[in-house]
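Colleague:
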Amino acid sequence: MMRERAEHPAFRTLTKDPFLEALLNLLAEPNGSSLAAHAYETTRDWWDEHAQGPTCDELLTAMFAPNDWLEIIDDPSRPLHERQHQLALVREWLIVSWARAGAISVVFGHDTVIRPGFSIDLG
71 MMRERAEHPA
81 FRTLTKDPFL
91 EALLNLLAEP
101 NGSSLAAHAY
111 ETTRDWWDEH
121 AQGPTCDELL
131 TAMFAPNDWL
141 EIIDDPSRPL
151 HERQHQLALV
161 REWLIVSWAR
171 AGAISVVFGH
181 DTVIRPGFSI
191 DLG
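Residue numbers (the working numbering): 71 to 193.
In structure tokens form, the structure reads like this:
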């Protein structure tokens with residue numbers, strides 16, 4: 071039986087989406103692992119300082135400066151409410167991604183507290 075190699079074009083979007091681009095840049099390597107490690111460290115340090123975990127918003131605010139994402143992710147073609155919705159999705163995907171990587175732990179739909187996961191070795 072002879073196998074043929076299938077050729078598929080790379081994933082592409084028809085229009086440029088600044089929010090998707092920002093998310094992919096944050097999750098793609100080499101940023102992905104170091105940012106997940108930073109999420110772990112920030113959460114761990116938050117627990118040491120406050121004796122409880124941060125909320126999603128508190129974690130993202132502690133990790134990123136400035137915290138005005140809509141100023142950094144420029145998308146003037148969308149109305150403000152759509153940009154705010156897109157931003158909420160980006161922030162949610164970051165939390166989910168770090169939780170799936172094991173850097174943080176959160177029980178979605180049950181509580182709002184984020185706990186440290188395990189340290190990600192970048193070496």
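Here a beta-carbon is modelled for each residue, glycine too, at the ideal position from N, C-alpha and C.
Please determine, among H120, V160 and L130, the residue with the shortest C-alpha to C-alpha distance to E91.
Modeller: Residue V160 is the option with its Cα nearest to E91.
Colleague: Give the single residue among I165, H180 and E119 whose Cα lies nearest to the Cα of G187.
Modeller: I165
Colleague: Kindly indicate the opening and closing residues of the alpha helix (DSSP H) around G102.
Modeller: N101 to H120
Colleague: Output the distance between the C-alpha atoms of L157 and L150, rounded to the nearest integer angstrom.
Modeller: 10 Å
Colleague: Report the three-state DSSP secondary structure of I174 (helix, strand or coil).
Modeller: Here I174 sits in strand by DSSP.
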